[in-house]
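To start, the structure itself, in structure tokens.
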Amino acid sequence: MIVTKRKPMEELEEIIKPYKKVAIIGCGGCATVYETGGRKQVNELAEKLSGVVISGVIPRLCSIEMVKTKMPKEIEEVEAIVVLSCGIGVQTVAEVLPEKVAIPGLDTFFMGRREDNFFIEYCLGCGSCILHTTGGICPIARCPKSMLNGPCGGVYNGKCETDRTRDCAWMLIYRKLSSTGKLGGMRGIAAPKNFIKAAHTRKLAVEERA
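Okay, so the sequence shown: first residue is 3 according to the working numbering, each after it adds one.
Shown next, in the form of structure tokens:
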């Protein structure tokens, strides 16, 4: 999931101040699942912000087709649209409705999952997945240094040197591979990561289905 957090009210109020008629559009995807941009959050924000005349939720704001077909017709009345989704959704709305001002209602952080009261980053979208060699634990995303050949010299009692409350990713990898009898795969030296697939701005050809 893409992890987001709502912008502070003071910031949103300042951003929409120049506009008399505003819409709030949420996303039925990640933002709904993590309760930052679903129907409930859209309604709550609509009650707090001034000038809101339209509100709604579109199943997927990252889909150009859905934004084109599911956007309320009344959207023509507004000057600006507060979008409760990740940055992809905001940019999609801005592209489909170029005459409107698309305002990000959320700040986008990373791809991850929720664990208790925290969202934790699990994937950087590097474009060259190696999880099959590391026991399903990503050293690119879960090691602050993205080490590929074991832990750095700063690991202490199994904890990361950047945060002593966080388990070292490579210690987790070692334990996982050890428990599954796959430690032999760690004897080789991993080549430097080719980050060309992660260079911005990226695009990927759509493969036609038979």
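Where a beta carbon is used, it is the ideal one built from N, C-alpha and C, also for glycine.
Exercise. Can you tell which of K22, G129 and P74 has the C-alpha that lies nearest to the C-alpha of H202?
Worked result: Ranking K22, G129 and P74 by CA distance to the CA of H202 puts G129 first.
Exercise. What number of angstroms, rounded off, separates the C-alpha of E15 from the C-alpha of I175?
Worked result: It is roughly 46 angstroms from the alpha-carbon of E15 to the alpha-carbon of I175.
For this session: Could you tell me whether the stretch 83-101 touches the stretch 17-25, using the rule of 3 or more Cβ pairs below 8 angstroms?
Result: Yes, they touch.
For this session: Assuming I66 and T94 form a contact by the criterion Cβ under 8 angstroms, report the distance between their Cβ atoms to the nearest whole angstrom.
Result: Confirmed, Cβ separation roughly 6 angstroms.
Exercise. Would you report the Cα separation of A171 and K205, rounded to the nearest angstrom?
Worked result: Approximately 29 angstroms, taken between the alpha carbons.
Problem set entry | For I139, three-class secondary structure by DSSP | In the structure shown, the three-state DSSP call for I139 is coil.
Exercise. CB S33 to CB L126, shorter than 8 angstroms?
Worked result: Here the sequence assigns Ala to residue 33, which means Ser is not the residue at that position. Between A33 and L126, the C-beta spacing is not below 8 angstroms.
Problem set entry | CB contact flag (A25, I60, <8 angstroms) | Cβ atoms of A25 and I60: not closer than 8 angstroms.
Exercise. Nearest-angstrom Cα distance between R62 and G40?
Worked result: R62 and G40 have their C-alpha atoms spaced approximately 11 angstroms apart.
Exercise. Can you give the Cα-Cα distance for C140 and P10, rounded to whole angstroms?
Worked result: C-alpha separation (whole angstroms): 32 angstroms.
For this session: Determine the contact status of T6 and C131, defining contact as a CB-CB distance below 8 angstroms.
Result: No, the pair does not count as a contact, with Cβ atoms beyond the cut-off.
Exercise. On the three-state DSSP scale, how would you describe C88?
Worked result: Coil, per DSSP.
Exercise. Rounded to a whole number of angstroms, what is the C-alpha to C-alpha distance between E46 and K195?
Worked result: In this structure, the alpha-carbon of E46 lies about 45 angstroms from that of K195.
Exercise. How many angstroms separate the CA atom of M113 from the CA atom of I142?
Worked result: Rounded to whole angstroms, M113 to I142 spans 13 angstroms at the Cα level.
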